[in-house]
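Number of protein chains: 2
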Amino acid sequence: MGENALLAGQNAPLEKVTHRSVKDEVAERFATLIASGVLNVGDALPSERELAATMGVSRETIRGALLILSTKGIVSVVQGARTKVVSDDVGGLGLSAFFSGRVTDYALEDVHEGRLMVEERVARLAAQRVDAATISELEKLIDKQTAAMGDPVRFLIADRAFHTTIYQSCGNAVLSDLATTLYSYQLDHRRRAIGATGAIAQSIEDHRVILAALKAGDADALAEGLGIHERRIYDSTRAVLSTSEQKASK
Amino acid sequence: MGENALLAGQNAPLEKVTHRSVKDEVAERFATLIASGVLNVGDALPSERELAATMGVSRETIRGALLILSTKGIVSVVQGARTKVVSDDVGGLGLSAFFSGRVTDYALEDVHEGRLMVEERVARLAAQRVDAATISELEKLIDKQTAAMGDPVRFLIADRAFHTTIYQSCGNAVLSDLATTLYSYQLDHRRRAIGATGAIAQSIEDHRVILAALKAGDADALAEGLGIHERRIYDSTRAVLSTSEQKASK
DNA sequence: CCAACTGGTCCGGTTATTAGACCACTAGAC
DNA sequence: GTCTAGTGGTCTAATAACCGGACCAGTTGG
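Residue numbers (my numbering), protein chains in the order written: chain A, 20 to 269; chain B, 20 to 269.
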């Protein structure tokens, strides 16, 4: 891939890094506890020293987070007295991150099962909601895949674009992002598996079946097609892992 | 809740804050691109100045991230020449965060739909895999909920424990964490909705139905019970949001 | 050979975070 | 009312991370 493709254009992989300070993250933790009712109005917080020890940050950082909250009228901080919750209106503060586990924190089987479930749902919605422009885009991506028969890397680029385009057409951002994340999990192993003889051809064939079902608006066929495809990917991923484990154990 | 419960014990809400630097995050971004095949061995990266501009960080930060990668033998950095990928073995580097969107980034309808889907799957697995100890724990939590009839906060604490205990019993960490995250999304609104007359009683009744289905190992009844419960929550959450919007628009 | 572009180094600055010490206030026990 | 333990408040010194910019030295392609 030319380096310009990394920097700009549709689905450019490199984006701005948005970074939150530790203080901000601690403030959000408190806000989440208040929003969820774990802490409520009138409750006293543990002392700053205890919070610092428990959360593994400095007392200064805790104080900074509490300053954020007291500025918004959520907690009351008084010298000598315990800090207290005085309002449960945490509006304006982001709640804690949605789901911040690392991809590698989960077992392959769990991810596989999750992906099957999400993709089936995505498939059914996409079959109902896909438009002609998306169908056309997917056709072009199949052509790109065919052109990349002998080039696993270029194939995977088109593969990813193919899958994420379908995910996005389901019309539900939560499901689309979930599906994309679960898809991405297997990319590392996938790249090694795709080198096997006939693997690319098989994937392209699967993709043709998927696209045909989408064009027909056939939700059952689409869900089945994606399911078969995903199981094949799962099997080849396991084979790669098994080979790596055998090598690692020698 | 006593503040000691925040600090220690089972399911203690306050945990250590693990914070990654911007440099670490950038290094992981590169590692993910390499693992996924977007970048492969032999590819030259964009220049440090271009990367800095695109990712919105300083050139120094980019250089630090590349130092991490060159130390691991993943990229080759040579004065005057373009930085190149020399290995795709990114083992040891965490891939980018699983799914780092904020809860509040998604439409309520999307989250609701996602939660319905995940909980149905979780329900079916839990019905098969739940053990006697978990059933006993859930019974105790129903008792706690009943005891909290006039206390919305205490009720929500037991409510949360009830749901997350079911999620954990499904045996799939991905699905369990997803379900927990989607559940948490509505907590802020839920707390306001739970104050409505009869809301707690209705929830407890729903929970009894859910527990009965779980005890019977009846996956269909469990999925249906959770679905009905979740739709009721969705409706009450929307009512709260609608009221808030009306107030905000005055 | 040369110019343009690259990485390498350095500087001055800001911000964030840390650990610790000490001061002043609060609240509960007596 | 007094006293003490525990609380928050302030300050210091230090380190780390990050930033923006300038300038030097090496590479590469024309």
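From the three backbone atoms N, C-alpha and C, an ideal C-beta is built for every residue, glycine too.
Proximal chain A residues relative to Ala100/B, where beta-carbon distance stays under 9 angstroms: Your numbering for residue 100/B matches position 81 in the second sequence. Chain A residues near Ala100/B: none, gap ~13 angstroms exceeds 9 angstroms.
Own chain residues within Cβ distance below 7 angstroms of Arg68/B, not counting five before or after: Translated into positions along the second sequence, residue 68/B becomes position 49. The residues are Arg78.
Residues that Val104/B bridges to, as DSSP identifies them: Locating residue 104/B in the second sequence gives position 85, where the first residue counts as 1. For Val104/B, the beta-bridge partners assigned by DSSP are Val94/B.
Other residues of its chain near Val96/B: CB distance less than 8 angstroms, five sequence neighbours each side excluded: For the purposes of this step, residue 96/B is taken as residue 77 along the second sequence, with counting starting at 1. Excluding positions up to five away in sequence, the list reads Leu85, Leu86, Ser89, Thr102.
DSSP state of Ala126/B mapped onto helix, strand, coil: Position 107 of the second sequence, counted from the start, is the residue given in the question as residue 126/B. Of the three classes helix, strand and coil, the one that applies to Ala126/B here is coil, per DSSP.
Neighbourhood of Phe240/A by C-beta distance below 6 angstroms, restricted to the same chain and skipping five residues each side: As a working note, residue 240/A is residue 221 in the first sequence. Note that residue 240/A is Ala in the sequence shown, not Phe. If you ignore the 5 residues before and after Ala240/A, its C-beta comes within less than 6 angstroms of the C-beta of Ala232, all in its own chain and listed in chain order.
Residues of its chain near Gln164/A, where Cβ-Cβ distance is below 6 angstroms and the 5 sequence neighbours each way are ignored: As a first step, residue 164/A must be located in the first sequence, where it is residue number 145. Same-chain partners within the cutoff: Phe174, Ala177, Ile223.
Per-residue DSSP class, three states only, for Ala63/B: Against the second sequence, residue 63/B aligns to sequence position 44. Ala63/B falls in the strand class under three-state DSSP.
Local Cβ density within 10 Å of Asp62/A, reported as buried at 16 or more and exposed below that: Indexing the first sequence from 1 puts residue 62/A at position 43. Looking at its Cβ environment, which holds 16 or more other Cβ atoms inside 10 Å, Asp62/A is buried.
Beta carbon proximity, Thr73/A to chain B, threshold 8 angstroms: The residue given as residue 73/A occupies position 54 in the first sequence. For Thr73/A, the answer is yes, since a Cβ of chain B falls inside 8 angstroms of its Cβ.
Any C-beta of chain B under 8 angstroms from that of Glu44/A: Counting from 1 along the first sequence, the entry for residue 44/A is found at position 25. Interface residue, yes.
Phe118/B in three-state terms, based on DSSP: The residue given as residue 118/B occupies position 99 in the second sequence. Since pLDDT at Phe118/B reaches only 48, below the 50 mark, its modelled position is unreliable, and the value read off the structure follows with that caveat. In the structure shown, Phe118/B sits in a strand (DSSP, three-state: E or B).
Under 9 angstroms from the C-beta of Val76/A: neighbouring residues of chain B: Counting from one through the first sequence, the residue named residue 76/A turns up at place 57. Neighbours of Val76/A on chain B, chain order: Lys35, Val36, His38.
Contacts that Leu194/B makes with chain A (C-beta to C-beta distance below 8 angstroms): Translated into the one-based positions of the second sequence, residue 194/B becomes position 175. Simply Asp129, Glu132, Gly133, Met136.
DSSP state of Met74/A mapped onto helix, strand, coil: Taking the first sequence and counting its residues from 1, the one referred to as residue 74/A is at position 55. Residue state, collapsed to three classes: helix.
The stretch 141-155 of chain A: positions lying closer than 7 angstroms to chain B by Cβ: Hits within the stretch: zero.
CB contact below 8 angstroms: Leu230/B versus chain A: Position 211 of the second sequence, counted from the start, is the residue given in the question as residue 230/B. Under the Cβ distance rule, Leu230/B does not count among the residues neighbouring chain A, no pair being separated by less than 8 angstroms.
Beta-carbon separation (whole angstroms), Val109/A vs Leu201/A, contact threshold 8 angstroms: What you label residue 109/A is simply residue 90 of the first sequence in a count that begins at 1. What you label residue 201/A is simply residue 182 of the first sequence in a count that begins at 1. About 30 angstroms; that fails the 8 angstroms criterion.
8 angstroms contact criterion, which Val193/B and Gly133/A should meet: CB distance rounded: The residue given as residue 193/B occupies position 174 in the second sequence. The residue given as residue 133/A occupies position 114 in the first sequence. Yes, they are in contact, since the Cβ atoms of Val193/B and Gly133/A sit about 4 angstroms apart, within 8 angstroms.
Close beta carbons around Asp150/B, own chain, < 8 angstroms, minus the five adjacent residues each side: One-based indexing of the second sequence puts residue 150/B at position 131. So the qualifying residues of the chain are Ser188.
Environment of Ser203/B [buried if 16+ CB atoms lie within 10 Å]: The sequence position of residue 203/B within the second sequence is 184, counting from 1. Counting other Cβ atoms within 10 Å of its Cβ, Ser203/B reaches 16 or more and is therefore classed as buried.
Neighbouring residues, chain B, relative to Ile252/A (Cβ below 7 angstroms): In the first sequence, residue 252/A corresponds to position 233, counting from 1. Within chain B, no residue comes near Ile252/A; the closest Cβ sits about 14 angstroms away, beyond 7 angstroms.
C-alpha gap between Ala142/A and Arg148/A, whole angstroms: Translated into the one-based positions of the first sequence, residue 142/A becomes position 123. Translated into the one-based positions of the first sequence, residue 148/A becomes position 129. If you draw a straight line from the Cα of Ala142/A to the Cα of Arg148/A, it comes to about 10 angstroms.
Burial state of Thr37/A (16 or more Cβ within 10 Å): Within the first sequence, numbered from 1, the residue matching residue 37/A stands at position 18. Per the 10 Å Cβ criterion, exposed.
For Ala54/A and Thr80/A, the rounded distance between their alpha carbons: Taking the first sequence and counting its residues from 1, one reaches residue 80/A at position 61. Taking the first sequence and counting its residues from 1, one reaches residue 54/A at position 35. Straight-line Cα distance between these residues: approximately 21 angstroms.
Any chain A beta carbon closer than 8 angstroms to Leu197/B: Counting from one through the second sequence, the residue named residue 197/B turns up at place 178. With 8 angstroms as the cut-off, Leu197/B counts as an interface residue toward chain A.
Pick from Ala258/B, Ile185/B, Pro65/B that is closest to Ala238/B, judged by C-alpha positions: Your numbering for residue 238/B matches position 219 in the second sequence. When only C-alpha atoms are compared, the closest one is Ile185/B.
Cβ-based neighbour list, Glu156/B, same chain, cut-off 8 angstroms, excluding 5 preceding and 5 following: Within the second sequence, residue 156/B is the residue found at index 137, counting from 1. Excluding positions up to five away in sequence, the list reads Thr184.
Any alpha helix (DSSP H) of 4 or more consecutive residues that is wholly inside the stretch 155-228 of chain B: The DSSP assignment places 171-187, 192-204, 206-212 as complete runs of the alpha helix (DSSP H) inside the stretch 155-228 of chain B, in order along the chain (cut-off: 4 residues).
Closer than 7 angstroms at the beta carbon, the chain A residues around Val105/B: The count along the second sequence starts at 1 and reaches residue 105/B at position 86. Within chain A, no residue comes near Val105/B; the closest Cβ sits about 15 angstroms away, beyond 7 angstroms.
Reduced DSSP category for Glu249/B - H, G, I as helix; E, B as strand; rest coil: Your numbering for residue 249/B matches position 230 in the second sequence. Looking at Glu249/B - three-state DSSP - the assignment turns out to be helix.
Endpoints, alpha helix (DSSP H) assigned at Lys42/B: For this step, residue 42/B is matched to residue 23 along the second sequence. Where Lys42/B is concerned, the enclosing alpha helix (DSSP H) starts and stops at 41-54.
Closer than 8 angstroms to chain A by CB, Tyr186/B: Within the second sequence, residue 186/B is the residue found at index 167, counting from 1. Not flagged as an interface residue toward chain A: Tyr186/B, since no C-beta distance is shorter than 8 angstroms.
Beta carbon proximity, Arg270/B to chain A, threshold 8 angstroms: There is simply no residue 270/B to check, as chain B begins at 20 and stops at 269 in what is shown.
CB contact check: Arg48/A to chain B, cutoff 8 angstroms: Start at 1 with the first residue of the first sequence, and residue 48/A comes out as number 29. Answer yes: the Cβ-Cβ gap between Arg48/A and chain B drops below 8 angstroms somewhere.
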